[in-house]
Structures are given as C-alpha cells and as structure tokens.
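Undergrad: The listed protein sequences correspond, in order, to chains A and B.
Going by our numbering, the first sequence opens with residue 4, and the numbers climb by one from there.
Going by our numbering, the second sequence opens with residue 322, and the numbers climb by one from there.
Where a beta carbon is used, it is the ideal one built from N, C-alpha and C, also for glycine.
Quick one: the structure is below, and I'll ask about it shortly.
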Amino acid sequence: MSTMTATSGRAKRPQQPITLVGVDVYVITEDGIPKFDEYGPFKIEFISNRGTKVWPGYVSPDLMLVNWYRCRFTATRPVTDKDVDVFVGELGKKHVWSAVQKLWNYGDEAGYSKAY
Amino acid sequence: MAKHVITMLPGEGTGPEICEAVRAVIDHSGVDITWEYEDIGLDCLKEHGTLLPEKTIKSIAKNKIAIKGPTTTPIGTGHKSANVTLRKMFDLYANVRPAKLIPVLKRPWDKIDILSFRENTEDSYAAIEHMVSNEVAQCLKVITWPGSVRIAEFAFKWAKANGRKKIQCVHKANIMKMTDGLFLEAFREVAKKYPEIESGDIIVDNCSMQLVRNPGQFDCLVLPNLYGDILSDLCAGLVGGLGFAPGANIGDNCAIFEAVHGSAPKYAGMKKVNPSAVLLSGVMMLKWLGEHKAAERIEKGVDKVLAEGKHLTYDAGGSASTDEYAQAIIRAMDTL
C-alpha cells in the first residue's frame, strides 16, 4: 500500500533564483530612533515604527512611537549567511533585537515590503 | 484672512467633479474658507513620480485639515496607497465612520445608527510583509498597547460628547490571543473610566452575522484596523452603499475627511456620480471645526432633497447629475 508524505501532494509554486540582499532587524529601545554604525557590507536603508518610516525623511512630530523599530539593512555587495551571522553578532553588542528576517529577491522580484 | 484654510484634495477619476459640487454646497453654507487645492493619486504619477507629492504633504502639515476626493490604489504594484501613507504620516489613528439609515433608500430595517471607530495605523496594515520562502508569505499583525488605548479613549470620549450609550469592542481574541487579546485588554482598561457608557465585546464573525440579522442592536463599535475596514463597509452597505458613506481620519493634531468609495474612473467626466459621501464627510469636517450651524444646514438640505426625491443621482434611483443634485441641495438650504 502506498503512503503519502505530508508534502508529496501539495501544490508547488515555481522556484526562482533566490538572492540574499539584506536583513530586517527588529530593535527594542526606549531611547528613540536608533542610530547605527557601518556594519561591514550592510548599510541602513530605513527605520520604521509600527510600519511608518521614521528615518530618513519627514516625520510628523505627532507620530506615536513604540519601543520596537524595524531596521532595514541592505547589502552593498553580494553577501552570504555567514555575513549575516557576523553582522547580527556585531549589532547585538550595542542594540537589543527581537528578531532578524533575511531579505531575499526571488528572480527580479523583491520578497519584502517597503515601509510607509 | 479666511477663518479656515483647508487643503482640498480632489483626487482622480470622478473625484474632481465630486469635489467641485461639494465645494459649491459648503461655500453656500456661509462658512469662511480658503481652499488650497493640491494633487494626490494616480494622476500625480506622471507629473511627480509619486501618488503623494511633497507639496501636498506640506499643505496638510500646515493647515492640519483636509478634505479628500476618491483615489485609486494600484493592486499588486510597488506603489503604496496614498490614503494609508497619509494616515500613517500624520498619525490619523481614528477612522470614524457613521452609518445611519437614509429614509429615501428603502431598507428592510427600522433603525440603523452605528458609529464605527476603526484603529487606523496598526494591525496588518503595518506593511511588514515577507516572502519567507518561495511558497510562504507572511504579514506581521502589529497591535500595540498605546495604539489600542488611544483608539479606545477616542471612542469613549466621542461617544460621551455625542450622547451615545453603548460601545462594543470587536475582536477575535479567542484565536489571536496576543494581538486581539491586547486590543481587548486595552479597551476594557479604558472602559473602566467611563462607567456611564455601557461597554462590552463581541467576536468579529458573530458581529458580522448580527449586523446583517439585526443591525439596530448596535450603537458604537471599536475595531482593529482590518476588521474595521471590512465591517465599516458592511455597515455602509446596510444603509445604502458607499455613495452615502462619509468618513473621517483623525489624529491628535490633524484630520482628513474623505469618502471611502473608489474613484469610479469609468464615470469620470460624466458628472453622474453621487457626491453625498464626500459632502457628508464635509459635514463631519464642519462639525470638527465647530461650524455646527452650517453643518446642520447642509444636513437638512440633503435630507430635504432626498425626501422630495426629485433630484436623485442614479444610485439612489434618480437621473440627476452630480451638479443638479448639489444645486438642489443649495436651493433646499435657502428654504430652511
């Protein structure tokens, strides 16, 4: 009698070439919008709070900020998982973070959203 | 110098013709307003390369009040919604949507008078989405304690100031125990400060069913962003559709009033679309500015035209143009 594995019958989406292009780091701080040093091949692109971009550019003085920031770092050269490990280790020496999400491109499409 | 300087955002599609009709009615109410016209929406893309030009942002930041016609958000492209951007940029955290029966539109209920207070800046609208594998997409649902407290506070204050009796928090905390659980906990904490207003909660799926079966039982609803988006449209549908559904997006120091319907580009230039939703948003705006007499005069004018039934737009069963409907309201205001 044949058996079906949990995944053998699932619908499959066509696979595309995946490229690591950056990381989102979720930083917790009570000290306002965080500031970052240069970390190897990763450069800060934007910081958002509750999905609203708070750096760079105009920020309404009325905007309510919570103590959790999404910090988007983009790679300035081709990078690997090892680069991410080193980056997160360095960043963690100065900042408290709750999660890190790798950013991948799928073919030519970004697999991540921008902030408002 | 005019008493009020208001940013006018006509939008695209039928937006400009609707906003001209609305402006004519509001100006006829006698309120001293200088209108600053600014661009927003798809038509801006060619000229400015963005749905929301910097000049428009500066005008709103200066005036702290705007009225907006409909705009369209491209689906599945890289352009962010101008509406959501404005709400986030100016932290317009309270989306207020009244749904009240309109006598001329025959509905199967005797009474509907529901006020929805939708949290406008958080939830799955935080724009935090990732393709975490080629097969799996995730969207973070962000609910915060301060964000939940302030929408509850806003709702209770509004309810108290306007003589409303009951507020219910709409949630799915039985399943989403952390996110909706936090929203509900904040609501209950705020409710303790308003013992004179009856408070309670209802699960969103049950609320949807109850709204359709017996909408007269509801008074005020406080909802997280996504449920609020959906159920406020449902409420609009109960009373006659989006053509009569006004809305306000309000923060601590800025407010933008807008209809919630789309820009209906296929009707653009035909001057047949009902301007009531933007006009009634304008009525909300006048009340927000403290111009209650002018607001009531317009409301009564609208009621009179709808009751007479001679100058109705196509969606209300008539054949009047946008301008004919607006002019009928102006004439009705003169008889009050």
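By Cβ distance below 8 Å, which residues in the same chain neighbour A/V99 in space, the five residues on each side in sequence not counted?
TA: Cβ neighbours of A/V99 beyond the five flanking positions: V30, I31 and T32.
Undergrad: Pull up the CB-CB distance for B/I472 and B/E440, whole angstroms please, since I reckon it's below 8 Å.
TA: With 8 Å as the limit, B/I472 and B/E440 qualify as a contact, their Cβ atoms being about 4 Å apart.
Undergrad: Pairing CB atoms from the region 634-653 of chain B with CB atoms from the region 561-580 of chain B, are three or more of them under 8 Å?
TA: Verdict: yes, contact present.
Undergrad: Within its chain, find whatever has a CB closer than 6 Å to the CB of A/I47; leave out the 5 residues flanking it on each side and keep chain order.
TA: If we look at A/I47 and ignore the five residues flanking it on each side, its Cβ neighbours are F39 and F76.
Undergrad: Could you please give me the residues that DSSP links to A/N52 through a beta bridge?
TA: The partner list for A/N52 (beta bridge, DSSP) reads A/T55 and A/Y72.
Undergrad: Are there three or more Cβ pairs, one per stretch, closer than 8 Å when the region 477-485 of chain B is compared with the region 443-454 of chain B?
TA: Judged by Cβ distances under 8 Å, the region 477-485 of chain B makes no contact with the region 443-454 of chain B, as fewer than three pairs qualify.
Undergrad: Assuming B/A628 and B/P424 form a contact by the criterion Cβ under 8 Å, report the distance between their Cβ atoms to the nearest whole angstrom.
TA: About 6 Å; that satisfies the 8 Å criterion.
Undergrad: What are the residues in the region 414-446 of chain B lying within 8 Å of chain A by C-beta distance?
TA: Cβ contacts with chain A: Y414, T442, E443 and Y446.
Undergrad: Do A/S63 and B/F504 have their C-beta atoms closer together than 7 Å?
TA: Result no, Cβ atoms of A/S63 and B/F504 do not sit closer than 7 Å.
Undergrad: Enumerated in chain order, which unbroken segments of the beta strand (DSSP E) with a length of 3 residues or greater are wholly contained in the region 531-594 of chain B?
TA: Correct list: 541-544, 569-571 and 576-579.
Undergrad: For chain B, is any of its Cβ atoms less than 7 Å away from the one on A/L23?
TA: By this cut-off, A/L23 is not an interface position.
Undergrad: With distances taken between CB atoms, is the gap from B/T393 to B/Y588 smaller than 7 Å?
TA: Contact: no.
Undergrad: Tell me which residue opens and which closes the alpha helix (DSSP H) that B/M410 is part of.
TA: Segment A403 to M410, the alpha helix (DSSP H) holding B/M410.
Undergrad: So is B/R428 buried or exposed if we call it buried at 16+ other beta carbons inside 10 Å?
TA: When all chains shown are included, B/R428 counts as exposed.
Undergrad: Nearest-angstrom Cα distance between B/T355 and B/A403?
TA: Between B/T355 and B/A403, the C-alpha separation is close to 24 Å.
Undergrad: Between B/I464 and B/G549, what straight-line distance do the alpha-carbon atoms span, to the nearest angstrom?
TA: If I take the Cα positions, the gap works out to 14 Å.
Undergrad: Pull up the DSSP beta-bridge partners for B/Y414, would you.
TA: BP columns for B/Y414 are empty, so no partner.
Undergrad: Compute the minimum distance between the beta carbon of B/G558 and the heavy atoms of the ligand ATP, and state whether it is under 6 Å.
TA: Among the components of this structure there are no ligands whatsoever, and the ligand ATP is therefore not found.
Undergrad: Where does B/V470 fall in DSSP's three states?
TA: Correct three-state label for B/V470: helix.
Undergrad: Does the beta carbon of B/H451 come closer than 7 Å to any beta carbon on chain A?
TA: Yes, B/H451 counts as interfacial toward chain A.
Undergrad: Buried or exposed for A/S5, please, with buried defined as at least 16 other CB atoms from any protein chain shown within 10 angstroms of its CB.
TA: Interpretation of A/S5 is limited by its pLDDT of 48, a score under 50 that renders its predicted location unreliable; the figure taken from the coordinates is listed afterwards. It is exposed - the Cβ of A/S5 has fewer than 16 other Cβ atoms within 10 Å.
Undergrad: Give me the Cα-Cα distance between A/Y115 and A/K105, rounded to the nearest whole angstrom.
TA: Whole-angstrom Cα-Cα distance: 9 Å.
Undergrad: So, helix, strand or coil for B/R618, using DSSP?
TA: Three-state result, B/R618: helix.
Undergrad: Check each candidate in A/L68, A/D88, A/V26 and A/Y109 and name the one with the smallest Cα separation from A/I36.
TA: Ranking A/L68, A/D88, A/V26 and A/Y109 by Cα distance to A/I36 puts A/L68 first.
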